[in-house]
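Engineer: One structure, as structure tokens, below. Some questions next.
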Amino acid sequence: MASRIVATGRATPQTCISNHDLARRMATSDEWVRSRTGIAQRYVMASGESLVDLAAEASRTALSRAGIKPAEIDAIVVGTISSDYGFPSFGCQLQHRLGIDTIPAFDVAAACSGFVYAVSVADASIRAGDWRRVLVIGADALSTMVDWNDRATAVLFGDGAGAAVMVGEPGPRGVLGSLLRSSGQYWDLLAVRNRGVQTTIDGEARRQSDDAIKMKGPELFKLAVKSMADVTLQVAQRAGVRLEDLELIVPHQANLRIINAVAQRLGLPPEKVFTNVDRYGNTSAASVPLALDEALESNRIRSNDLIMLNACGGGLTWGANLLRW
Ligand SMILES: CC(C)(COP(=O)(O)OP(=O)(O)OC[C@H]1O[C@@H](n2cnc3c(N)ncnc32)[C@H](O)[C@@H]1OP(=O)(O)O)[C@@H](O)C(=O)NCCC(=O)NCCS
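Note that the sequence shown covers residues 1 to 325 in this note's numbering.
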């Protein structure tokens, strides 16, 4: 039994903030942000919006494309470090929002690697015969955790939710392999010490600098490039797949320079790497499923193509999933 992603969906908040908008609020410029990151705009949560609602919207799209009713799902696995509440989990809130009862629903906290981790967890349980149909989510709202006075961090992040329906089926298609890695020694390269507080860009409340995302950008940059390139190569080698046979890589969209450097290390031409970081910024766990959904929508992925998903994020966590579509 293999597991296969049969459909995807995505949702973003309504508020879109361009670099020019940010330049009116802080000492930055469109030129600086574009040249350092490739980001032109990002969607951010406003007061009263719920990330669980966005995940429910993305889930309904994916389920309807898969022709599967919510009641037919066996489990919900959510890659996230954001939640409307401290607890219960995002998974339980989403389960309630979708009107499904008693199935397991839980979160996998791996920051920007959350979706890649969640796909691996769902794949393992489907292979073991525990579940047949799984809703896998990547959702985050890191814009609610930034200090809007910290220009080096605030310009990078956006919010969103992506969903994938994975089903168990015999045959050669589906997840060929996954590899997950963590290195807690680097925990303070990207961290938020107070997740309970939610502050939106339009709200009155402001995060104390100590409670906001703290990032050591240059160190993180180097580790992200090395870890994403290494894990991609290792997953391919384990599966006996040559990198040149990959049709498309759908990487975590943190920064265009990181994505380009990973592709260069792996010797992959730009046309084999999907990017949409220019329109979304770094949406953490949502970034891979948002990109996957757009890659499918723009016909960049066809049946039987070899596809690689990879990511790196706070933790440090990193990982990759190799799929035959
Ligand atoms: C954050 C990052 C974009 C900074 O890029 P960089 O090339 O290292 O930045 P530079 O060294 O060229 O520039 C730093 C300067 O720009 C300034 N600067 C920082 N943010 C700025 C902004 N938004 N606008 C204008 N200037 C800014 C700094 O104050 C610093 O000025 P100084 O030299 O006078 O002290 C880069 O380190 C990065 O992308 N790191 C990885 C971050 C990431 O992706 N995290 C998530 C991983 S999952």
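The C-beta atom is built at its ideal place from N, Cα and C for all residues, glycine as well.
Quick caveat, the model's predicted, so the values are computed rather than measured.
#1: Helix, strand or coil for K272 per DSSP?
#2: Can you tell me whether DSSP reads D107 as helix, strand or coil?
#3: Can you tell me whether DSSP reads F115 as helix, strand or coil?
#4: Is the separation between the beta-carbon of H252 and that of G313 shorter than 9 Å?
#5: Whose C-beta lies closer than 6 Å to the C-beta of S82 among residues of the same chain, with five residues either side of it excluded?
#6: For the stretch 7-14 against the stretch 151-163, do three or more pairs of beta-carbon atoms, one drawn from each stretch, fall closer than 8 Å, so that the two count as touching?
#7: Suppose only complete runs of 3+ residues qualify. What are the beta strand (DSSP E) ranges in the stretch 5-93, listed by chain order?
#8: How many angstroms separate the CA atom of A128 from the CA atom of M26?
#9: For T329, which option in A254, W325, N276, R181 has the closest C-alpha, if you only look at C-alpha atoms?
#10: Going by DSSP, what residue range makes up the beta strand (DSSP E) through R133?
#11: May I ask you to list the residues that DSSP assigns as paired with V250?
#12: Which residue marks the beginning of the alpha helix (DSSP H) containing D293, and which one marks its end?
#13: Would DSSP call K214 helix, strand or coil?
Structural biologist: On the basis of the supplied data:
#1: helix
#2: strand
#3: helix
#4: yes
#5: L51, D140, A141
#6: yes
#7: 15-18, 41-44, 75-79
#8: 51 Å
#9: Nothing can be reported for residue 329: it is not among the residues displayed for the chain, which extend from 1 to 325.
#10: 133-141
#11: L309
#12: 287-297
#13: strand
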